[in-house]
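Written below as structure tokens is the structure these notes are about.
Protein chains in written order, with this note's numbering: chain R, 28 to 353; chain W, 28 to 353.
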């Protein structure tokens with residue numbers, strides 16, 4: 028990694044030089060009133076919205092809050108090519124109703140909320156896992172792209188091009204989205220999902236353990252991207268993350284709760300196909316021109332509140348829009 | 028901004044090419060057991076810790092939580108050269124005990140918690156501000172550095188150099204820290220504080236309004252760096268941010284609470300010099316070699332949990348260590 032840095036830098040220079048020339052040749056920015064990113068998304072044609080199958084949803088119902096209000100968290104599991112072995116395990120765990128009665132055991136500020144078996148580390152007390160869970164190798168943290176020329180984001184007819192934004196976590200690669208997911212991509216053709224706010228991953232112990240999928244966490248703070256390629260990501264929270272992010276922080280090491288009474292009980296976790304009256308959800312296709320214009324607007328806010336467009340953005344500050352289908 | 032991109036890119040190419048050559052010439056990485064970032068910080072010599080004067084602290088006491096536990100939030104106000112006009116206003120507001128009895132009025136998930144006068148927009152009901160508050164121009168969002176050669180972070184005797192990490196929010200500038208603060212820095216010599224988790228800023232209405240400092244917010248999610256150079260930053264929460272980040276999210280537009288009963292009451296906000304028995308705080312000097320090694324370790328986790336060092340980091344994933352003085 029360290030020793031290949033100079034070559035990666037030189038590759039970056041070539042791409043950036045090309046981008047600079049393209050930008051020089053591009054037409055000047057139009058002076059029309061600029062829409063906010065949310066307005067661009069709201070105006071997207073129906074064809075740009077991709078349905079999320081109910082079979083890719085994981086629905087977690089927590090015990091009601093102190094006022095008796097229900098707390099539901101909806102998670103979208105990764106689709107191919109990112110649906111690696113852990114996803115199969117999670118489907119088995121949900122089908123077995125394995126998480127029912129377990130709890131949120133860890134909430135570390137600016138980091139993660141984590142759930143599963145609070146006694147999982149104690150062999151005498153641990154809840155038995157369903158049979159047939161796969162042991163997934165660490166090689167599945169990374170996906171190899173077939174087509175290195177595919178930058179996924181469409182090119183826009185304006186000078187600013189989000190596709191040339193450097194990603195410091197990708198060996199001097201660039202911002203990249205694929206199949207609706209924010210991903211890292213480097214010059215070796217490796218592609219991997221990244222730890223943005225709301226992403227869901229698989230807790231593990233020291234490598235070579237990669238975790239079964241029984242212990243899950245979601246990011247509730249600034250993107251901890253040092254975890255990319257070190258832990259399995261399996262999805263993202265698309266609704267109800269506030270029921271996790273606003274929980275009291277644990278006061279033990281790593282944000283674990285020190286007493287059982289502090290934990291939040293999980294009533295049930297089900298695949299979407301098992302949940303009655305679940306709304307339909309859809310995401311904005313990351314290969315659409317609407318998404319490219321949205322990403323451009325996130326990197327260059329030109330709507331009235333802003334006086335200085337940034338001229339750039341990091342991938343986790345360009346969240347993929349997800350909504351209930353209309 | 029857009030039109031200057033190609034020149035900035037070309038400048039970046041030159042610096043990166045130099046960095047690549049330096050990296051080629053550097054010695055190989057030692058094979059010693061690698062300490063975690065926290066271990067590097069814990070081993071820092073006393074001289075690397077900078078005392079934070081009590082006069083730079085702002086102490087916010089919220090009403091106790093449902094279990095009667097006190098909730099104190101400690102904020103470090105910016106020191107020169109970043110202590111712009113808003114800081115003087117905030118000192119006057121604190122000295123006048125102006126915030127006492129007001130409230131946290133807005134908590135928007137993955138964005139900000141904001142406090143001040145809930146009736147501030149209603150002239151008939153708004154609480155009168157102290158006399159003599161400055162009207163601060165937007166030019167104070169940015170500081171001009173005198174010495175362009177000062178990269179602030181020391182160079183390390185190893186190949187990886189955090190100082191060449193690109194910052195997509197700085198016109199293709201680089202990661203930069205100055206006087207204990209994370210900052211953006213571009214090729215024009217402009218330096219500005221950046222919106223990382225926990226940073227505190229000044230709410231405002233549409234420009235040219237820059238806000239007085241009476242309405243404040245803190246970041247409780249992924250760094251919203253599109254706000255850099257668009258809103259004044261005045262400090263950071265150094266203790267007790269969980270009392271803001273774990274509050275229930277507001278269900279109104281922009282996360283404002285819809286009813287007064289949802290707001291959290293502010294008992295008092297005081298300058299540190301007015302607070303009895305306040306602990307002493309200190310931060311790790313960002314110009315120290317310890318900080319450079321810490322930043323390197325944040326960008327290249329080599330401690331046992333990690334199997335793939337990232338080879339990079341964004342500035343907000345390198346939080347400046349702050350602690351109670353020993």
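We put the beta carbon where it would ideally sit given N, CA and C, even for glycine.
For the C-beta of residue 297 (chain R), not a single chain W residue is nearer than 9 Å; the gap to the nearest is close to 24 Å. By DSSP's assignment, residue 130 (chain W) forms a beta bridge with W:143, W:292. Annotation for residue 309 (chain W): the continuous beta strand (DSSP E) segment containing it runs 308-311. When secondary structure is reduced to three states using DSSP, residue 78 (chain R) falls in the strand class. Cβ-Cβ separation between residue 254 (chain R) and residue 220 (chain R): approximately 11 Å, too far for a contact (criterion under 8 Å).
Every beta strand (DSSP E) of 3 residues or more that sits fully in the region 189-277 of chain W is shown, in chain order, as 203-205, 208-212, 217-220, 226-229, 243-246, 260-266. By the Cβ criterion, the region 226-244 of chain W is not in contact with the region 181-200 of chain W, since fewer than three pairs of Cβ atoms, one from each stretch, lie closer than 8 Å. With its beta carbon at least 8 Å from every one in chain W, residue 265 (chain R) lies outside the interface. Counting along the chain, the unbroken alpha helix (DSSP H) around residue 323 (chain R) starts and ends at 316-326. Residue environment: residue 286 (chain W) is assigned as exposed (fewer than 16 neighbouring CB atoms within 10 Å of its CB, all protein chains considered). Residue 87 (chain W) is bridged by DSSP to W:100, W:296.
When 7 Å is used as the limit between beta carbons, residue 234 (chain R) is near these residues of chain W: 334, in chain order. Using a CB distance below 7 Å, the part of the region 131-159 of chain R facing chain W consists of 136, 137, ordered along the chain. Per DSSP, the beta bridge partners of residue 283 (chain R) are R:133. Contact of residue 124 (chain R) with chain W by beta-carbon distance below 8 Å is absent, the smallest such distance being about 29 Å. Between the C-alpha atoms of residue 325 (chain W) and residue 309 (chain R) there is a straight-line separation of about 36 Å. Between the alpha carbons of residue 135 (chain W) and residue 271 (chain R) lies a distance of about 14 Å. Contact of residue 268 (chain W) with chain R is assigned, a C-beta pair being separated by under 8 Å. Ranking W:72, W:75, W:91, W:73 by CA distance to the CA of residue 290 (chain W) puts W:91 first. The C-beta distance from residue 320 (chain R) to residue 183 (chain R) rounds to 6 Å, short enough to meet the 8 Å contact threshold.
DSSP places residue 329 (chain R) outside both helix and strand once states are collapsed to three, so it counts as coil. A straight line joining the alpha-carbon of residue 256 (chain W) with that of residue 246 (chain R) spans about 27 Å. Listed along chain W are 137, 248, 249, each with a C-beta nearer than 7 Å to that of residue 224 (chain R). For residue 234 (chain R), there are no CB contacts under 6 Å within the same chain when 5 residues up- and downstream are skipped. Neighbourhood of residue 344 (chain W) in chain R, by CB distance below 8 Å: 249, 250, 251, 252, 253, in chain order. A distance of 8 Å or more separates the beta carbons of residue 200 (chain R) and residue 347 (chain R). Taken through DSSP and simplified to helix, strand or coil, residue 351 (chain W) comes out as strand. Note on residue 69 (chain W): under 16 other CB atoms within 10 angstroms of its CB, so exposed under the neighbour-count rule. Around the beta carbon of residue 162 (chain R), fewer than 16 other beta carbons sit within 10 angstroms, so the residue counts as exposed. Comparing C-alpha distances from residue 223 (chain R) to each of R:65, R:239, R:204 shows the shortest one belongs to R:204. Here residue 149 (chain W) is exposed, its C-beta having fewer than 16 other C-beta atoms within 10 Å. Boundaries cannot be given for residue 344 (chain R), as no alpha helix (DSSP H) includes it and DSSP labels it neither H nor E.
Closest in alpha carbon position to residue 258 (chain W), among R:336, R:164, R:123, is R:336. Close to residue 279 (chain W), with beta-carbon spacing below 9 Å, lies no residue of chain R; the smallest spacing is near 14 Å. The continuous alpha helix (DSSP H) containing residue 113 (chain R) extends over residues 112-122.
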